[in-house]
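**Student:** Here this note's numbering is used: the first residue of the sequence shown is -3, the next is one more, and so on. Can you read through this structure? Questions will come right after.
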Amino acid sequence: MKIRFCEHNKGKGKVYRRLEEEFPALNIKIKDCVKQCGSCREQPIAVVDKQKVTGKDGDDLYAKIIELIRKDAASE
């Protein structure tokens, strides 16, 4: 599973650190741009396996990413 955060997104910091600590085996990176500029300016965003995931705040984004990680783990 690939998880990408935009360098310029304000909601990325805490979410990125929590995921890195809890899931060190996942491919998680902060990129210069994830090509989601409209959404990126307005709310916390990540791209998970080429799928845009947004949240109302960092905690909401984190919860949505965790849900995707669990679904992915269950399907393996």
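Heads up, the beta-carbon is just placed ideally off N, CA and C, and yes, glycines get one too.
Work out the CA separation of Gly9 and Cys29 for me, nearest whole Å.
**Tutor:** 15 Å
**Student:** Just to confirm, is the Cβ distance from Ile106 to Gln32 under 8 Å?
**Tutor:** The shown model of the chain, from -3 to 72, leaves out residue 106, and the question about it has no answer.
**Student:** Let's see if you can read the secondary structure: which residues bound the alpha helix (DSSP H) around Lys46?
**Tutor:** Segment: none, Lys46 is in no alpha helix (DSSP H) and carries neither H nor E.
**Student:** Within a Cβ cutoff of 6 Å, which residues of the same chain sit near Val11, ignoring the five residues on either side of it in sequence?
**Tutor:** Closer than 6 Å at Cβ, skipping near neighbours: Gly54, Leu57 and Tyr58.
**Student:** Please classify Lys(-2): does DSSP put it in a helix, a strand, or coil?
**Tutor:** Three-state result, Lys(-2): strand.
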